[in-house]
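Number of protein chains: 2
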Amino acid sequence: MRDRTRDGCLNRAEAYWLSHFPRMWRAIMAIPPLRRLANRKIISRAAGRVKSRPYRFSTLADYTSWESLMDRTYFSRYLPPRDLPNPPLPESMTGLFKVRQGGPTLSEDSTVLFMSFAQWFADGFLMTDPDDRRRTFTSHQIDLSPVYGLSRAQTDALRVNPEARGEKGRMKTETVNGEIYAPRLFDETKLVLEDLANPKFDEQQAFKSEFKHLQKPSSFKRNRERLITVLGPKPASERVAELAKTTFAFGGERANITPFTAALNTLFLREHNRLAGMLEDAYPGWDDERVFQTARNTNIVLLIKIVVEEYINHISPYHFQLFADPSVSWRAIWNRPNWIPLEFNLLYRWHSMTPDKFFIGLQHVPVKESLQDNSYLTTRGLAETLVSASNQRGWRLGLFNTADDLVQVELAGIKQSRENRIGSYNDYREAFKYPRVTRFEQITDDQDRISALQNLYGNVDNIEFLVGLFAEDIPPRAAVPPLMGRMVAFDAFSHAFTNPLLSEQVFNEKTFSKEGIETIQNTHTLKDILNRNLAPGQRPAEISMTYR
Amino acid sequence: MRDRTRDGCLNRAEAYWLSHFPRMWRAIMAIPPLRRLANRKIISRAAGRVKSRPYRFSTLADYTSWESLMDRTYFSRYLPPRDLPNPPLPESMTGLFKVRQGGPTLSEDSTVLFMSFAQWFADGFLMTDPDDRRRTFTSHQIDLSPVYGLSRAQTDALRVNPEARGEKGRMKTETVNGEIYAPRLFDETKLVLEDLANPKFDEQQAFKSEFKHLQKPSSFKRNRERLITVLGPKPASERVAELAKTTFAFGGERANITPFTAALNTLFLREHNRLAGMLEDAYPGWDDERVFQTARNTNIVLLIKIVVEEYINHISPYHFQLFADPSVSWRAIWNRPNWIPLEFNLLYRWHSMTPDKFFIGLQHVPVKESLQDNSYLTTRGLAETLVSASNQRGWRLGLFNTADDLVQVELAGIKQSRENRIGSYNDYREAFKYPRVTRFEQITDDQDRISALQNLYGNVDNIEFLVGLFAEDIPPRAAVPPLMGRMVAFDAFSHAFTNPLLSEQVFNEKTFSKEGIETIQNTHTLKDILNRNLAPGQRPAEISMTYR
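Those protein sequence lines, which keep their order, are chains A and B. Okay, so the first sequence: first residue is 1 according to my numbering, each after it adds one. Okay, so the second sequence: first residue is 549 according to my numbering, each after it adds one.
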């Protein structure tokens, strides 16, 4: 058993209370005013855990300046920069991440749908500028940018923009095998094999010209280089051309990364067009722009609903099922506009959850081969692809559980953390109201982890934030370890509930329309959205983030 | 006597209580915990008067969209657009603004220093984009942009940027008659008379090259055109060249507009360099950048102190003297980032306060002639110029009291208000918790105003926001009429106290240094700042926003 003496009395009591007494919690949930009150208290406690924004620092400088307080192209940070004594060489840390003998540990109850949603959702607001890793081009908001893009020019490129009846407010689509998808990004006539084998090839030149303002799919270049090394230039360029033909024109640079992220993006794209059709019918006087904007308002709030009511409830070990009541933040002192902390960007690296194979349809596909290959999606269709994702468990989050191909990505996280002088695991425990640990045995009861940490760091006080975070044991019923859970809850609630669309004067029928508000009220899970966006004649599908 | 039946019971009680019982208020101010409590309650009541931001609309569109909620290059707005029935033609409204027979009414106790401070201060954040009057390039913050500019490039142009001892963190200056000022903007060799007479002349071409990124002084072109019309091209270009030689390189496009605004900008420029010197001495290890940024942090908060403790207290009819306690907003539900409403931009047009002549030194100068002529400032020096401004009363704010030269500017405000479809005076009374008026006699007891309003609008419900606002009587001890007072208080407090520099994790010695915090604590009035920035050998000066 793990040494629990440094868990903190109040923390233990709170965790116990919330993850026991299922009948009491069911009773509370059955009485609407009690349910609202409990929801508000739990969310406010989590979102008020540390002092509200603005924080003292951003990644701009080691002291506070007017620029550091205003320039949101930098990440904020919870804690000031701090150098740790003698951090281990990143090369010596491979063993900490790699799957240990005996093979990977599966997650208790998280499906690949959960893992893919986490990936696709976080890619919508965690973007690091590749040219200066202290900086970002995020809007710091949940805004469905993977669907709509990051700028007016990108959004316009993705929109059908006529006033013609039946097309008002719609996003561009293409039909494949009788189902609706985003249009393809590349112009096939520009995908010349010799070019693709050339290391200097710029993929943006092969975009359809209508999409010239869109971002480059982020892993396209890396994947191409890998394929050239593995297969040699000619077979690689043939494979790259094949992959490129399946790439969708999406708003987000990473939405094409796996068939599952592409499926989730497709889902919200279809929902946008469904909403636009509904609004066009209900408000014949509205122009293209108003239909588009009102559908987008609604679609963004649908995502927030899913995040709170399906995703967070899956992560949380609580019996109480939280719900997205916008008013929880209206009078809250933690209602301060979001500004993504670098530490949050780092902690969301949940690569260990990615299995080495995906089960798609009836096939087992090595993850590597599925990358950027949307033919897996279009062959099986949206519903079957998402069903596959929810019939398979992901791996368990934590050390000794990262697939070989992703270990380098873990080490890149460690390097980014050090470049930004992120402090120790204990510093962040303290910041988030956990007592500092004094023995390795207080972090985990896993002997392998304890010895590895001891060898690498010597002293618990020297453990890096990012390593300590993933070294903790995952409690029963939870999807992530305790410190991460607390940080994710803090950030998720203070992010989602401060979205301007949920604010007191904005969250009403005038902003979303009567139909939009009803849709918001009737949507709780991805399944709800999927089953109103099936291909004609398809039967309702069962999908879930929780493995059953 | 004005008909007070529509003032509202609670409003009357509140106003009575706060503007009577001076001895009680003095007693409260003498007991620190009571003083802090009263301060917090009065500020929170004013800042919580209407629902907190974000508002439903910006000037982008007549409905709410993700863009309208995110794009801060538009003004926000308190109320949705609304068309008023049969508004009078602007040309027919001249008489409403022009000084009536019998001459102008002087303000009871507001000096030209108060009026000039209002002008200079508001010009720091109320900027309308001349190419699209729905838009702005403000930061929506009190940030001393008239001193520091609006962008990194502008700030850099205004800074001395060496690591040399004795110059760290300083702004560029020039000495004139033994006193410190900003450097001159124009390169005299580029001020060619033929060019200045050419209507197409672009003044930016005559800037010193180091200042090429600075904004054009906003009224330079208009003033030049006026002079060409009045004096003819040749004498006009000589006068323009003379004026241009006195123009300072400032961050704000309007800071050169009168010798008094230039004096206020000079005051904060000198204070910056004084602070930088103090920090350089105290922290020899700091580099140029850190000294600059820390001096700026402090200087911005000094401006906020002056705004709350001198400016707002002058405007307010209350006996209680408010003070800038940063913590009033830390737990406040109105703590939401500022986003300047268009209505606030409009209501701050206090042109009627500007007299037709300035008294500078021993001279009476027509305001028109003083425009952009900083020789009045440099000849007399900073202290004497500010003393002149505080020995002269401004005119009283309101209808029938605008100097001839500014009447067109008032009409431009009316036009901007209509372009943006700003609603009625009664709509805004209601929004700010005053009962709607039902008779003209409830607005003012001035018979001329009543008949003019009656003739122009027929019905009290049709009175435009901007006209009703200035038609109200000014209560005893106040500087502005009641609705405007309430709107200004709401905006000033929710603007000033949500400045990130005052926030809970930022307002401390780490951000400002020990010396900076002490300076902030010891500064309450412009006089405090002036008397530590006198020319060598000068005696302390007495200046005040309140006429004595």
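Just so you know, even glycine gets a beta-carbon here, dropped at the ideal spot from N, CA and C. All of these numbers come straight from a predicted model, not from anything done at the bench.
_Looking at residue 113 of chain A: is its Cβ nearer than 9 Å to the Cβ of residue 386 of chain A?_
Note that the C-beta distance between residue 113 of chain A and residue 386 of chain A is below 9 Å.
*Using three-state DSSP, classify residue 659 of chain B as helix, strand or coil.*
Note: residue 659 of chain B maps to strand in three-state DSSP.
*Between residue 921 of chain B and chain A, is there a C-beta pair that is closer than 9 Å?*
Closer than 9 Å to the CB of residue 921 of chain B there is not a single CB belonging to chain A.
*Taking residue 658 of chain B and residue 909 of chain B to be in contact with their CB atoms under 8 Å, please state how far apart those CB atoms are, rounded to whole angstroms.*
Incorrect: roughly 21 Å between the Cβ atoms, too far for contact.
_Alpha carbon of residue 280 of chain A to alpha carbon of residue 168 of chain A, nearest angstrom_ = Between residue 280 of chain A and residue 168 of chain A, the C-alpha separation is close to 7 Å.
_Below 8 Å on the Cβ atoms is my contact criterion, and I expect residue 609 of chain A with residue 841 of chain B to pass it. Report the Cβ-Cβ distance as a whole number of Å._
A question about residue 609 of chain A goes unanswered here, because the residues of chain A that appear run from 1 up to 548.
*asked:* Please report whether the beta-carbon of residue 600 of chain B lies at a distance below 9 Å from any beta-carbon of chain A.
replied: Using a Cβ-Cβ cut-off of 9 Å, residue 600 of chain B counts as an interface residue toward chain A, since at least one Cβ of chain A sits closer than that to its own.
*To which residues of the same chain is residue 500 of chain A closer than 7 Å at the C-beta, ignoring the five residues directly before and after it?*
Contacts found: 506.
*Given residue 177 of chain A, which residues of its chain have a CB within under 8 Å of its CB, disregarding the five upstream and five downstream residues?*
Within the same chain, residue 177 of chain A has close Cβ partners 378, 379 and 381.
*Could you tell me whether the Cβ of residue 330 of chain A comes closer than 9 Å to any Cβ of chain B?*
Closer than 9 Å to some Cβ of chain B, the Cβ of residue 330 of chain A qualifies, so yes.
*Is there a Cβ from chain A that is less than 9 Å from the Cβ of residue 615 of chain B?*
It does; some Cβ of chain A falls within 9 Å.
*Closer than 9 Å, Cβ to Cβ, to anything on chain B: give me those residues from the region 336 to 363 of chain A, in chain order.*
Near chain B, meaning a CB-to-CB distance below 9 Å, the residues of the region 336 to 363 of chain A are 336 and 337.
*Quick one: what's residue 889 of chain B bridged to in DSSP?*
Answer by DSSP bridge pairing, in chain order: B:624.
*Any Cβ of chain B within less than 9 Å of the Cβ of residue 204 of chain A?*
With 9 Å as the cut-off, residue 204 of chain A does not count as an interface residue toward chain B.
*How about residue 1067 of chain B and residue 919 of chain B: are their beta carbons less than 9 Å apart?*
Against a cut-off of 9 Å, the Cβ pair of residue 919 of chain B and residue 1067 of chain B comes out as no contact.
*For residue 1022 of chain B, does the three-state DSSP call read helix, strand or coil?*
Note: residue 1022 of chain B maps to coil in three-state DSSP.
_Closer than 8 Å is the cut-off here; do at least three beta carbon pairs connect the region 619 to 629 of chain B with the region 996 to 1011 of chain B?_
With a cut-off of 8 Å, the region 996 to 1011 of chain B and the region 619 to 629 of chain B do not count as touching, because too few Cβ pairs lie within range.
*CB of residue 631 of chain B to nearest heavy atom of the ligand ADP: below 8 Å?*
The ligand ADP is not part of this structure, which contains no ligands at all.
*Identify whether residue 915 of chain B lies in helix, strand or coil by the three-state DSSP scheme.*
Here DSSP, grouped into helix, strand and coil, assigns residue 915 of chain B to helix.
*asked:* Short of 7 Å in beta carbon distance, which residues of its chain neighbour residue 276 of chain A, apart from the five on each side in sequence? Order them along the chain.
replied: Taken in chain order, the residues that qualify are 168, 169, 170, 291, 292 and 295.
*By Cβ distance, which residues of its chain are closer than 7 Å to residue 821 of chain B, with the 5 residues on each side in sequence left out?*
If the five residues before and after residue 821 of chain B are omitted, its C-beta is found closer than 7 Å to the C-beta atoms of 718, 719 and 721, all from its own chain and listed in chain order.
_Chain-ordered neighbours of residue 143 of chain A on chain B, where CB pairs are closer than 9 Å_ = Within chain B, the residues whose beta carbon sits less than 9 Å from that of residue 143 of chain A are 614 and 618, listed in sequence order.
*Is residue 250 of chain A near residue 146 of chain A, with beta carbons less than 9 Å apart?*
For the pair residue 250 of chain A and residue 146 of chain A, the CB atoms are nearer than the 9 Å cut-off.
*Step through the CB atoms of chain B and report whether any lies within less than 9 Å of the CB of residue 261 of chain A.*
So no, residue 261 of chain A is outside the interface.
*Taking Cβ positions only, does residue 300 of chain A come closer than 9 Å to chain B?*
For residue 300 of chain A, at least one C-beta of chain B is nearer than 9 Å to its own C-beta.
*Going by Cα to Cα distance, which pick from B:633, B:705 and B:879 is closest to residue 972 of chain B?*
It is B:633 whose Cα lies nearest to the Cα of residue 972 of chain B.
*Quick one: what does DSSP say residue 191 of chain A is sitting in, helix, strand or coil?*
Three-state DSSP puts residue 191 of chain A in coil, outside helix and strand.
*Could you pull the start and end residues of the alpha helix (DSSP H) that residue 962 of chain B belongs to?*
First-last of the alpha helix (DSSP H) with residue 962 of chain B: 955 to 967.
*Which residues in chain B sit within 8 Å of residue 510 of chain A, going by Cβ to Cβ distance?*
Those are 604, 611 and 612, listed as they occur along chain B.
*Partners in chain A for residue 838 of chain B, counting only beta-carbon separations shorter than 7 Å*: Within 7 Å Cβ-Cβ: 63.
*Since residue 171 of chain A sits in a beta bridge, which residues does DSSP pair it with?*
Its beta-bridge partners are A:159.
*Return the residue from the list A:60, A:219, A:163 and A:117 that minimises the CA-CA distance to residue 635 of chain A.*
Missing from the structure shown is residue 635 of chain A; chain A here goes from 1 to 548 and no further.
*When you compare each of A:98, A:166, A:486 and A:267 to residue 411 of chain A by their alpha carbons, which one comes out closest?*
Looking only at A:98, A:166, A:486 and A:267, the smallest Cα-Cα distance to residue 411 of chain A is reached by A:98.
*Report the partner residues of residue 106 of chain A according to the DSSP bridge assignment.*
DSSP, once it has assigned bridges, lists A:395 as partnering residue 106 of chain A.
*asked:* Once DSSP output is grouped into helix, strand and coil, what is the label at residue 63 of chain A?
replied: Correct three-state label for residue 63 of chain A: coil.
_Contact set between residue 1051 of chain B and chain A, taken where Cβ atoms lie within less than 7 Å_ = What residue 1051 of chain B touches in chain A, judged by beta-carbon distance under 7 Å, is 54, going in chain order.
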